[in-house]
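Novice:
Residue numbers (the numbering used here): 266 to 363.
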């Protein structure tokens, strides 16, 4: 597992108490992307009970806030992030398990 993926997963588990985290590194699909300026492209699925009282926009804000240093810091770890957030109930209803 790539170091950036490990860092993202650790942050989601620590800051959002995520019960499930899935990260797909899609950086290889964006090679030669001149605007990237460093950082990778990731698809992130996060399951957390912290999303239960938050609307979809606030759920994304929680994720972006937790990953702020990785998105805006130096060195930049994340250039692009596609996010799917679910509550444990939504995750279970989708037939998934941790």
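Glycine included, each C-beta is placed from N, C-alpha and C at the ideal position.
1. Leaving out five residues before and five after residue 343 in sequence, what residues of the same chain have Cβ atoms less than 7 Å from its Cβ?
2. Helix, strand or coil: which one does DSSP assign to residue 332?
3. If we cut at 8 Å on Cβ distances, does residue 313 have a partner in chain C?
4. Could you pull the DSSP bridge partners for residue 293 from this structure?
5. Based on the DSSP output, what are the partners of residue 349 in its beta bridges?
6. Looking at C-alpha atoms only, which residue of 319, 348, 310 is the closest neighbour of residue 356?
Specialist: By the coordinates alone:
1. Contacts found: 304, 305, 307, 332, 335, 336.
2. Of the three classes helix, strand and coil, the one that applies to residue 332 here is coil, per DSSP.
3. No chain C appears in this structure, which consists of one protein chain only.
4. Beta-bridge partners assigned by DSSP to residue 293: none are found.
5. Note: residue 349 sits in a beta bridge opposite 310.
6. In this structure, 310 is the residue among 319, 348, 310 with its C-alpha nearest to the C-alpha of residue 356.
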